[in-house]
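Notes follow once the structure below has been shown.
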Amino acid sequence: MAAKEHSETNYGGSLEYYRIDVRDDAEVNNVFAEIAGQNKRLDGLIAAAGINHLQSALEHSQTAMNEVMQINYNGVFNSATAAARQMFNYQQKGSILLIASMSGLIANKGMTSPVYNSSKAAVIQLARSLAMEWGRHGIRVNSLCPGHIITPMVEQVFQQNPASRAVWEAENMLGRLAYPEEFRGAALFALSDASSFMTGSTMLIDGGHTAW
Numbered sequence: 327m328a329a330k331e332h333s334e335t336n337y338g339g340s341l342e343y344y345r346i347d348v349r350d351d352a353e354v355n356n357v358f359a360e361i362a363g364q365n366k367r368l369d370g371l372i373a374a375a376g377i378n379h380l381q382s383a384l385e386h387s388q389t390a391m392n393e394v395m396q397i398n399y400n401g402v403f404n405s406a407t408a409a410a411r412q413m414f415n416y417q418q419k420g421s422i423l424l425i426a427s428m429s430g431l432i433a434n435k436g437m438t439s440p441v442y443n444s445s446k447a448a449v450i451q452l453a454r455s456l457a458m459e460w461g462r463h464g465i466r467v468n469s470l471c472p473g474h475i476i477t478p479m480v481e482q483v484f485q486q487n488p489a490s491r492a493v494w495e496a497e498n499m500l501g502r503l504a505y506p507e508e509f510r511g512a513a514l515f516a517l518s519d520a521s522s523f524m525t526g527s528t529m530l531i532d533g534g535h536t537a538w
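When the sequence shown is numbered by this note's numbering, its final residue is 538 and no position is left out of the sequence of numbers.
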């Protein structure tokens, strides 16, 4: 409730939220249908669900692998298709942004997580494929690849391997890690008409981590 009140007070409009399991395709579609039905439209989506398990390939359990892929890929796929379904239903254009990771583009030295990395690579390719499929209907799809961001999930990495933070900072051209709010502009750009001729693209915002 605090986030809702803060957003409405400082930015106007309204903020509503639903807590759902993005792996449940039926539940996701029902929620999107409800949201679109209330407004008779759906303009955009940011699909950002994701988890990680720091395990080497030989140690990675089938259960952990399935969980990562079901949330990071299936969940994003379910969200994107549910959003597009409503855009088609109300015959309107829209923009969809899939949150991937620089780990979908590089092996990401120092972070042994082959399943996470490959799940994010799949999200990048999904954005291209959906952009091709829905472009002629006015629905744009792009992906955003952040570098290392200080989030609860990353803090768990630091708990498992305290030396990681200093290493990651040293490997970044800006000498630091990112904060979530530093990606607001990119998200707003992708969902707004400012990016009206951009689709199938991958935005890499990593503080120069991959540019050495």
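Glycine included, C-beta positions come from ideal geometry on N, C-alpha and C.
In the DSSP annotation of this structure, the continuous segment of the alpha helix (DSSP H) that includes A447 starts and ends at 440-460.
Beta-bridge partners of T528 (DSSP): S469. In the DSSP assignment, S421 falls within the unbroken beta strand (DSSP E) covering 420-425.
About 22 Å separates the beta carbons of L431 and S405, which is beyond the 8 Å limit, so they are not a contact pair.
The alpha-carbon of T528 is positioned some 21 Å away from that of A408. For L384, no alpha helix (DSSP H) encloses it, and the DSSP letter there is neither H nor E.
DSSP places I397 within a helical segment (H, G or I) once states are collapsed to three.
Contact between L500 and A453 fails: their C-beta atoms lie close to 26 Å from each other, not under 8 Å. The continuous beta strand (DSSP E) containing I372 extends over residues 370-373. Take R502, set aside five residues on each side of it, and the residues of its chain with a beta-carbon closer than 8 Å to its own are E495, G533, in chain order. Counting C-beta atoms within 10 angstroms of its own C-beta, N398 has 16 or more neighbours from the protein chains shown and is therefore classed as buried.
If you draw a straight line from the Cα of S469 to the Cα of A426, it is about 6 Å long.
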